[in-house]
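For the sequence shown, the UniProt record's numbering assigns the number 1 to the initial residue and increments by one for each residue that follows.
Glycine included, C-beta positions come from ideal geometry on N, C-alpha and C.
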Amino acid sequence: MRVVITVVSFVVFLLIVWWAYSGRQKQRFDEAANLPFADDDMQERTVEEQLAENRRNSSSIKSADQSAARATAEQEVRHV
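Structure follows, in structure tokens:
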């Protein structure tokens, strides 16, 4: 029984090696090999987008604060 399990395991191992090194899998594995580098690019873009969004939000908050200050000043002028 041990011999049969050993032979079957060896054949399965050879089939996996043959599948992994076949030419049809090369493009897929090359893309997978480059994924860590693509993740760095994605991280940089995400950080840049977040910074840009923070800048937009802070400028819109400033303009909203300025509008509120103007409205308050106008109301004070009307009451005086």
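TODO: Determine, using beta carbons only, whether W19 and Q27 come nearer to each other than 8 Å.
DONE: no
TODO: Please work out which residues of its chain come closer than 8 Å, Cβ to Cβ, to S59, disregarding the five sequence neighbours upstream and downstream, and give them in chain order.
DONE: none
Task: Alpha carbon of R2 to alpha carbon of P36, nearest angstrom - done: 41 Å
TODO: Measure the C-alpha to C-alpha separation of V17 and D30 and round it to an integer number of angstroms.
DONE: 16 Å
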